[in-house]
Amino acid sequence: MTAICFVDTNILVYACDPGHSQKHSVARDWLRHLWNTRSGRISTQVLKEYYQVVTRKLEPGLPPEKARADIRDLHTWQPVDIDLEVMELAWALEDQTNYSWWDILILAAAQRAKCQYLLSEDLQPEHTINNLTIINPFTHSINELP
Numbered sequence: 000m001t002a003i004c005f006v007d008t009n010i011l012v013y014a015c016d017p018g019h020s021q022k023h024s025v026a027r028d029w030l031r032h033l034w035n036t037r038s039g040r041i042s043t044q045v046l047k048e049y050y051q052v053v054t055r056k057l058e059p060g061l062p063p064e065k066a067r068a069d070i071r072d073l074h075t076w077q078p079v080d081i082d083l084e085v086m087e088l089a090w091a092l093e094d095q096t097n098y099s100w101w102d103i104l105i106l107a108a109a110q111r112a113k114c115q116y117l118l119s120e121d122l123q124p125e126h127t128i129n130n131l132t133i134i135n136p137f138t139h140s141i142n143e144l145p
């Protein structure tokens, strides 16, 4: 069985940013694996952040049409909507952790999607919260997942 992985925004951004060549290559490899195994998950929050970063902050940025096409493609990953159920999960996590609110929403969405792993460069690697383990994809290989 393939592990289900939630992907944080920064991994998607690195995959389209050749300015960080090593991270670009690693992020693309991870995403290719997740596409091939149909094991990638995201949230609507991740999609919104992705669009903002790649069209307005990345130098050079993506044309809006390309970013929109990416988001349409990523909808096959069953994005989790940040609804009341996710908010309830987030509030419970807020009481357990010291993460920022936006990171807590990512954790809650990953739990809602029943992911085993959260791929993120920004959160504490190897930390497990309610059966969700944070993995830094730039320090762990794809082959290390079950």
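Sequential numbering of the sequence shown, starting at 0, is according to numbering that gives the first Met the number 0. The beta carbon of each residue, even a glycine, is placed where N, CA and C say it ideally should be. In this text the structure is predicted, and so the values were computed from the model without any measurement.
| Query | Result |
| --- | --- |
| From Trp100 to Thr54, what distance separates their C-alpha atoms? | 24 angstroms |
| If I measure Cβ to Cβ from Tyr50 and keep anything under 7 angstroms in the same chain, skipping five residues before and after, which residues do I get? | Ala66 and Ile70 |
| Helix, strand or coil: how does DSSP classify Leu131 here? | strand |
| Would Ser42 and Ile3 be called neighbours here (beta carbons separated by less than 8 angstroms)? | no |
| Give me the Cα-Cα distance between Ala14 and His23, rounded to the nearest whole angstrom. | 5 angstroms |
| Starting from Tyr50, trace the alpha helix (DSSP H) in both directions and tell me its first and last residue. | Thr43 to Gln51 |
| Please look up how many angstroms separate the CB atoms of Ile133 and Ser119, rounded, as I've assumed it's under 8 angstroms. | 6 angstroms |
| Under 7 angstroms Cβ to Cβ from Asn142, same chain only, skipping five residues before and after it: list those, please. | none |
| If you draw a straight line from the alpha carbon of Thr8 to that of Lys47, how long is it in whole angstroms? | 9 angstroms |
| Could you give the residue range of the alpha helix (DSSP H) that holds Val85? | Leu83 to Gln95 |
| Taking the alpha carbon of Leu83 as the reference point, which residue from Leu117, Arg111 and His74 has its own alpha carbon closest? | Arg111 |
| Taking Asn129 as the reference, give the member of Asn135, Leu122, His139 and Ala107 with the closest Cα. | Ala107 |
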